Amino acid sequence: MTSSTTTTDPTAPGSAEPTPFARSVIGIVVFSRTIAAVRYAKDAGKAPTLEARLALLRMSADAVASCEEARRLGAASGIDPVEAAAGYLGALGEVDERLRPLDWSERLVKTYLAVGLLSDFAGALVDELGGDLSTGLRAVIGADDFGAFASAELMGDLDADPLLAGRLGLWGRRVVGEEIGTFRRLQAERPVLLSGGATSDGLHEVLSEGATSRMRSLGLRV
Numbered sequence: 000m001t002s003s004t005t006t007t008d009p010t011a012p013g014s015a016e017p018t019p020f021a022r023s024v025i026g027i028v029v030f031s032r033t034i035a036a037v038r039y040a041k042d043a044g045k046a047p048t049l050e051a052r053l054a055l056l057r058m059s060a061d062a063v064a065s066c067e068e069a070r071r072l073g074a075a076s077g078i079d080p081v082e083a084a085a086g087y088l089g090a091l092g093e094v095d096e097r098l099r100p101l102d103w104s105e106r107l108v109k110t111y112l113a114v115g116l117l118s119d120f121a122g123a124l125v126d127e128l129g130g131d132l133s134t135g136l137r138a139v140i141g142a143d144d145f146g147a148f149a150s151a152e153l154m155g156d157l158d159a160d161p162l163l164a165g166r167l168g169l170w171g172r173r174v175v176g177e178e179i180g181t182f183r184r185l186q187a188e189r190p191v192l193l194s195g196g197a198t199s200d201g202l203h204e205v206l207s208e209g210a211t212s213r214m215r216s217l218g219l220r221v
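Following numbering that gives the first Met the number 0, the numbering of the sequence shown begins with 0 at its first residue and continues without gaps.
Structure below.
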């Protein structure tokens with residue numbers, strides 16, 4: 000007689016109560032998209048051209064739309080996405096206050112790295128969910144065009160000023176250090192984030208690789 004064991008996705012419709020890990024992941028994805036929407040809107044107010052302002056406002060609207068999709072996915076899985084995301088308000092501490100950009104170029108680098116690393120962090124946790132929910136949330140996180148925008152905005156300035164790349168490289172490394180430190184603290188304060196299979200070292204590797212890739216895409220030394 001042969002016995003078989005089946006594994007049920009705890010986030011699938013009609014399955015058991017969603018796990019605390021699934022709630023936490025939905026929460027951080029929704030939270031990350033609100034951060035992107037707010038940051039892009041703030042940057043739009045500082046944009047040096049009307050074209051850049053309009054592009055950022057469109058990206059902010061797209062981030063809101065992706066947030067709504069994450070909310071829909073969470074609700075379909077039996078999770079209150081707003082309640083789950085609300086638990087992350089203030090979770091990033093005062094890192095934003097400590098990283099005040101001096102000019103438009105520094106603002107672009109900061110936003111690209113900060114929002115991107117938060118997306119990398121959320122994405123690594125999403126991968127531990129598996130199933131359709133993971134696929135849907137991955138699409139939500141990937142719906143962002145800020146990297147191409149930042150690269151295009153900086154290209155001319157970097158070509159015109161050889162010293163700018165050095166300054167922005169230092170600034171970028173500072174942003175990365177602050178952000179990775181914040182995520183380490185978040186893991187320590189919320190051990191549920193590591194209950195799905197991800198490890199602290201694994202998340203650090205994901206963040207480091209993401210930071211390196213983004214810095215290089217902007218033409219900056221890591």
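The C-beta atom is built at its ideal place from N, Cα and C for all residues, glycine as well.
Remember, predicted model here, so these are calculated numbers, not experimental data.
Simplified DSSP assignment, three categories, for residue i
i             : result
glycine 77    : coil
glycine 130   : helix
proline 47    : coil
arginine 220  : coil
proline 100   : coil
leucine 262   : The shown model of the chain, from 0 to 221, leaves out residue 262, and the question about it has no answer.
alanine 210   : helix
glutamate 204 : helix
proline 17    : coil
glycine 86    : coil
alanine 40    : helix
alanine 164   : helix
alanine 142   : coil
proline 12    : Its pLDDT being 43, under 50, proline 12 is placed unreliably in this model, and the value from its coordinates should be taken loosely. DSSP places proline 12 in coil when its eight states are reduced to three.
threonine 7   : Confidence at threonine 7 is low in this model, with a pLDDT of 40, below 50, so the placement of that residue is unreliable and no value is reported for it.
Beta-carbon proximity check, residue i vs residue j, cutoff 9 Å
i                : j                 : result
phenylalanine 20 : glutamate 188     : no
alanine 40       : serine 59         : yes
proline 80       : glycine 26        : yes
threonine 110    : arginine 38       : yes
leucine 192      : serine 23         : yes
valine 205       : methionine 214    : no
tyrosine 87      : phenylalanine 145 : no
leucine 167      : glutamate 208     : no
glycine 218      : leucine 132       : no
alanine 197      : leucine 124       : yes
aspartate 156    : valine 114        : no
arginine 52      : glycine 44        : yes
leucine 55       : leucine 136       : no
glutamate 178    : alanine 210       : yes
Enclosing alpha helix (DSSP H) for residue i [first to last residue]
i           : result
leucine 193 : Unbroken run through leucine 193: none, as it is neither H nor E.
glycine 122 : 103-125
glycine 155 : 145-159
Expected contact under 8 Å - CB spacing of residue i and residue j to nearest Å
i           : j             : result
leucine 240 : glycine 201   : Look at the range of the chain in this structure, 0 to 221, and you will see that residue 240 is not part of it.
leucine 91  : threonine 181 : 6 Å
alanine 36  : alanine 62    : 4 Å
valine 174  : leucine 107   : That belief does not hold up - the Cβ atoms of valine 174 and leucine 107 are roughly 11 Å apart, past 8 Å.
valine 28   : alanine 85    : Not really, about 13 Å apart at Cβ, beyond 8 Å.
Exposed unless 16 or more other CB atoms sit within 10 angstroms - verdict on residue i
i             : result
serine 212    : exposed
leucine 49    : exposed
aspartate 158 : exposed
alanine 83    : buried
aspartate 160 : exposed
serine 76     : buried
proline 47    : exposed
glycine 195   : buried
aspartate 42  : buried
aspartate 119 : buried
glycine 122   : buried
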